[in-house]
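J.:
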Amino acid sequence: MTSRTSHSAQPITPPASSLRVLAPGAPDLDARLLQLEAEHQAAKLARAAAAVLPARLQAVMDAIRRCDGDPDACADPVRNTSLARAAEAARVGGASDELIRDAIALARAGEDAWPAPAAAPEADEVAVVAELSAEELAGEPGRRLARAAWATGAVAAAPRTAAEAGAWMLSVPRTVVDLSSCWSGAGFDRTILAEALQAAARESRGPAFIGLGGLGGWLVAQGLDYDSDDARKAARTLFDRAVEILRRVSRNAALAIFPGPDGASADARPWNGPATAGALTPDALRGLGAAGADAGAARRLVLGARSLADAPGIDIRALKARGFTDHEIAAAEEALPGCGRLSEAFRPEVIGEGFVRDVLGASAAQLAAPDFDALAFAGFERAAVAACEAHVLGGGRLSTAEFLSRAAGRVFRSADEVGDGAYLAMLAALAPALAAPPIAEIILPWDATPADAHKRLVEIAASSPAILRLRRAPAPPEARLTWPAPAEVAPRPAPEAPGPERIVERVVERDRSRRKLPDRRKGYIQKAAVGGHKVYLHTGEYDDGELGEIFIDMHKEGAAFRSLMNNFAISVSIGLQYGVPLEEFVDAFVFTRFDPAGPVTGNDSVKSATSILDYIFRELGVSYLGRDDLANADSSALNADGLGRGVADSEPDAPQPASRFISRGFSRGAAPDNLVFLPRARAEASGASDPADVCAACGDVAVVRKGASLVCSACGTRAGRYDGDRAS
28 MTSRTSHSAQ PITPPASSLR VLAPGAPDLD ARLLQLEAEH QAAKLARAAA
78 AVLPARLQAV MDAIRRCDGD PDACADPVRN TSLARAAEAA RVGGASDELI
128 RDAIALARAG EDAWPAPAAA PEADEVAVVA ELSAEELAGE PGRRLARAAW
178 ATGAVAAAPR TAAEAGAWML SVPRTVVDLS SCWSGAGFDR TILAEALQAA
228 ARESRGPAFI GLGGLGGWLV AQGLDYDSDD ARKAARTLFD RAVEILRRVS
278 RNAALAIFPG PDGASADARP WNGPATAGAL TPDALRGLGA AGADAGAARR
328 LVLGARSLAD APGIDIRALK ARGFTDHEIA AAEEALPGCG RLSEAFRPEV
378 IGEGFVRDVL GASAAQLAAP DFDALAFAGF ERAAVAACEA HVLGGGRLST
428 AEFLSRAAGR VFRSADEVGD GAYLAMLAAL APALAAPPIA EIILPWDATP
478 ADAHKRLVEI AASSPAILRL RRAPAPPEAR LTWPAPAEVA PRPAPEAPGP
528 ERIVERVVER DRSRRKLPDR RKGYIQKAAV GGHKVYLHTG EYDDGELGEI
578 FIDMHKEGAA FRSLMNNFAI SVSIGLQYGV PLEEFVDAFV FTRFDPAGPV
628 TGNDSVKSAT SILDYIFREL GVSYLGRDDL ANADSSALNA DGLGRGVADS
678 EPDAPQPASR FISRGFSRGA APDNLVFLPR ARAEASGASD PADVCAACGD
728 VAVVRKGASL VCSACGTRAG RYDGDRAS
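In my numbering, the protein residues as written are 28 to 755.
1) Going by alpha carbons, who is nearest to residue 209 out of 61, 221 and 618?
2) Could you pull the start and end residues of the alpha helix (DSSP H) that residue 450 belongs to?
3) Is there contact here, the segment 381-390 with the segment 292-300, by at least three beta-carbon pairs under 8 Å?
4) Assign residue 211 to buried or exposed, taking buried as 16 or more other Cβ atoms, counted over all protein chains shown, within 10 Å of its Cβ.
5) Applying the criterion that 16 or more other CB atoms from any shown protein chain within 10 Å of the CB defines a buried residue, is residue 573 buried or exposed?
6) What are the start and end residues of each continuous beta strand (DSSP E) run of 3 or more residues lying completely inside the segment 216-257, in chain order?
7) Quick check: what's the CA-CA separation for residue 126 versus residue 75?
8) For residue 743, is the classification buried or exposed, using 16 other Cβ atoms within 10 angstroms of its Cβ as the cut-off for buried?
9) Below 8 Å on the Cβ atoms is my contact criterion, and I expect residue 443 with residue 487 to pass it. Report the Cβ-Cβ distance as a whole number of Å.
10) Nearest-angstrom Cα distance between residue 736 and residue 722?
11) DSSP has residue 205 in a bridge; who is on the other side?
12) Quick one, which of 170, 632 and 379 has its alpha-carbon nearest residue 554's?
13) Going by other Cβ atoms of all chains shown within 10 Å of its Cβ, with 16 needed for buried, is residue 28 buried or exposed?
14) Compare the beta carbon distance of residue 454 and residue 498 with 8 Å and say whether it is the shorter of the two.
15) Measure the beta-carbon distance from residue 407 to residue 375 and round it to whole angstroms, keeping in mind my assumption that it falls under 8 Å.
16) Going straight from the alpha carbon of residue 636 to that of residue 644, what length do you get?
17) Using the three-state DSSP reduction, which class does residue 627 fall into: helix, strand or coil?
18) Rounded C-beta distance between residue 283 and residue 238? I'm assuming under 8 Å.
19) Go ahead and pull the three-state DSSP assignment for residue 169.
20) Please list, in chain order, all residues of the same chain as residue 629 whose beta carbon is under 7 Å from its beta carbon, the five residues on each side excluded.
21) Name, in chain order, the residues that DSSP records as bridge partners for residue 580.
22) Is the distance from the Cβ of residue 91 to the Cβ of residue 128 below 8 Å?
23) Taking the alpha carbon of residue 109 as the reference point, which residue from 593, 178 and 569 has its own alpha carbon closest?
24) In angstroms, rounded to a whole number, what distance separates the CA positions of residue 419 and residue 373?
25) Taking 8 Å as the threshold, find out whether the segment 162-172 comes into contact with the segment 107-122 through three or more Cβ pairs.
26) Counting along the chain, where does the alpha helix (DSSP H) carrying residue 603 start and finish?
27) Please report the distance separating the alpha-carbon of residue 4 from that of residue 326.
28) Given residue 411, which residues of its chain have a CB within under 6 Å of its CB, disregarding the five upstream and five downstream residues?
29) Mind checking who residue 380 pairs with in its DSSP beta bridge?
30) Would you mind stating whether residue 422 and residue 428 have Cβ atoms separated by less than 8 Å?
31) Check whether the Cβ atoms of residue 452 and residue 263 sit closer than 8 Å, and answer yes or no.
32) Taking the beta strand (DSSP E) that residue 739 belongs to, which residues open and close that run?
33) Around the C-beta of residue 659, are 16 or more other C-beta atoms found within 10 angstroms, so that it is buried, or is it exposed?
34) Thinking C-alpha only, which one of 503, 500, 650 and 456 is nearest residue 21?
35) Among the residues of its own chain, which have a CB less than 6 Å from the CB of residue 324, if the five just before and after it don't count?
36) Pick from 261, 309, 277 and 270: whose alpha carbon is nearest that of residue 244?
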């Protein structure tokens with residue numbers, strides 16, 4: 028008993044309103060082509076915004092959810108600087124204030140995620156343009172037509188007699204009958220094909236076109252080379268038989284060739300290839316059987332071993348020698364079936380970002396790079412990766428397989444190997460059996476230019492009876508645009524000024540990794556007033572005393588100005604932590620002029636400033652760089668540490684306790700690492716022990732010997748016993 032496979036008929040119903048027939052002599056042809064380009068570019072921009080905006084609005088919600096404190100303050104961009112940055116990024120990305128307010132409201136209502144937008148299907152819009160003459164095609168009208176086709180993929184050039192017919196065909200319902208479903212145990216069954224065609228014709232109540240899908244795969248299963256007379260004769264016989272069946276069943280249904288969505292195309296193109304969803308296609312298996320070839324060898328060539336066990340170049344042993352464990356190797360092997368390249372199976376999100384960071388030693392910036400390659404970072408050579416990739420993932424072509432003869436290999440050539448010439452020849456052979464001119468899709472390379480599209484259109488339009496529709500192939504992942512970071516771009520040489528004077532630009536190169544401050548850090552707070560406006564400068568230091576952050580607080584200023592100064596301080600702090608020298612900030616901001624400005628009170632080094640920024644970076648330059656030239660007070664009033672005396676009427680040589688320069692909270696009663704030692708003469712004058720001892724209570728060195736005990740003269744605490752050498 029013969030088993031039969033149920034037929035597969037997929038309907039395609041395009042929107043009739045998207046169809047246009049444009050005549051070459053129409054006065055508004057240029058305007059209509061430009062309008063078509065504008066519509067498609069607008070649709071691309073809308074899709075790009077739909078991909079970016081949800082992430083920006085999610086960041087707005089996250090800024091509120093991460094905030095600890097008063098809910099009203101967390102939801103206020105004025106008081107929550109993280110929310111302000113996220114909202115500004117969303118606005119730059121194209122979000123309206125209404126959308127940003129919605130995101131804030133959702134976060135305050137306890138929602139965790141911004142609703143993901145549903146993907147809108149792209150309409151199959153086609154503008155059919157009547158064919159231009161040879162002179163027009165080679166001239167400016169042809170270039171305009173090719174540019175519109177290149178930009179939109181929705182412009183088709185047709186013979187004058189076929190333009191109306193082509194547009195009408197695209198506007199009525201279309202149904203595809205899949206030839207791969209018309210097989211029985213004995214081979215291709217024309218009875219099953221007849222049943223499928225009859226069912227498709229009965230389902231169409233009005234005019235309808237029916238196409239045969241998968242012609243290229245059907246020819247492979249028959250063992251026929253697509254670019255051969257035998258293949259064209261067999262295809263024409265098949266189409267003639269389909270026409271006879273449709274004429275007996277329905278007067279409204281007719282046979283046609285047309286493109287359609289993936290899996291529902293009746294375009295008569297060559298074979299797509301031997302593999303889909305990680306397995307050989309039924310057409311490939313039937314073709315291999317017709318050629319008497321080994322299916323197992325074909326699987327290894329096309330699909331690979333899907334295991335790293337015996338892979339050349341990079342096997343399990345080599346991976347373990349580089350630090351990979353069974354856990355990471357198993358995760359990579361599990362991801363192999365869905366990968367096109369070996370590096371995709373070793374992405375950080377597959378094998379674990381913690382492993383890549385802690386074991387392989389990648390930095391956060393390297394992990395964030397979209398083109399990060401864990402195998403290359405682990406030290407594997409490119410040749411080893413290529414050999415392993417060919418063994419594990421396959422990717423070989425059956426058309427060049429060693430176990431197939433040259434004639435048999437030609438049967439398994441795919442569309443990119445056959446070329447457009449064989450495709451157009453097949454359409455010309457099938458055209459007499461069709462009720463409407465065939466529509467041929469010509470796929471241009473992804474990096475084709477408008478000039479390339481025009482050249483290709485001129486080459487094929489004059490000799491082809493088909494309606495030609497040009498499209499660009501999608502760009503591959505490796506075609507992603509990259510450029511160096513701004514710091515890596517070499518500066519343009521400055522033009523020399525006339526005369527001996529030359530303009531020299533200093534380039535400072537630093538490591539771009541961020542140096543984090545310790546969680547418990549040193550620093551100082553300087554209170555001052557510039558032109559009557561109070562300013563509080565907070566500093567944070569690394570353990571070695573180098574400046575790592577600043578905070579600027581203004582007293583009784585407007586919210587906008589305070590927020591601006593806060594965010595300015597954050598930007599300076601980030602720059603310091605990424606290695607920007609403090610000298611660069613000082614040179615950039617001293618002598619800047621804006622209000623408030625004028626006399627400075629509360630600072631013993633800086634007595635006047637032209638702006639808040641001028642004051643702040645004068646103070647930092649004096650305190651951390653020893654830039655006494657920036658101090659506009661008497662230089663004799665400065666101590667060696669550069670901080671100044673702090674009290675205007677203090678005597679220059681009056682002894683100062685060390686506890687004045689350290690933080691008891693930071694040192695927690697122990698001698699801190701930023702202890703300031705006073706001059707030895709002062710210690711001897713005060714009767715301090717020799718060598719000087721430090722008071723464990725206050726950190727002062729004013730420890731004196733009283734009898735057999737050591738007592739701190741600053742706080743009165745008994746520091747220990749004196750044994751003739753030092754305190755015990």
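Virtual Cβ for every residue (Gly too), placed ideally from N, Cα, C.
T.: In terms of the structure at hand:
1) Closest by C-alpha distance to residue 209, out of 61, 221 and 618, is 221.
2) 447-457
3) They do not touch, by the three-pair rule.
4) By the neighbour-count rule (16 or more Cβ atoms within 10 Å), residue 211 is not buried but exposed.
5) Taking all protein chains shown into account, residue 573 has fewer than 16 neighbouring C-beta atoms within 10 Å of its C-beta and is therefore exposed.
6) If you keep only unbroken beta strand (DSSP E) runs of at least 3 residues inside the segment 216-257, you get 235-240.
7) 17 Å
8) exposed
9) Not quite, the Cβ-Cβ distance comes to about 17 Å (not below 8 Å), so this is no contact.
10) Taken atom to atom, the span from the alpha-carbon of residue 736 to that of residue 722 is near 13 Å.
11) 240
12) The option with the nearest alpha carbon to residue 554 is 632.
13) Unreliable positioning characterises residue 28 in this predicted model, as indicated by a pLDDT of 31, which lies under 50. The coordinate reading is nonetheless provided below. It is exposed - the Cβ of residue 28 has fewer than 16 other Cβ atoms within 10 Å.
14) no
15) That belief does not hold up - the Cβ atoms of residue 407 and residue 375 are roughly 16 Å apart, past 8 Å.
16) 10 Å
17) Residue 627 falls in the strand class under three-state DSSP.
18) 6 Å
19) helix
20) So the list reads 554, 555 and 556, once near-sequence residues are dropped.
21) 563
22) no
23) When the alpha-carbon of residue 109 is set against those of 593, 178 and 569, the nearest one is in 593.
24) Between residue 419 and residue 373, the C-alpha separation is close to 13 Å.
25) no
26) 586-604
27) It is not possible to answer for residue 4, since the shown part of the chain is limited to 28 through 755.
28) 340 and 341
29) By DSSP's assignment, residue 380 forms no beta bridge with any residue.
30) no
31) no
32) 736-739
33) exposed
34) With the chain running from 28 to 755 in the structure shown, residue 21 is simply not present.
35) 430
36) 309
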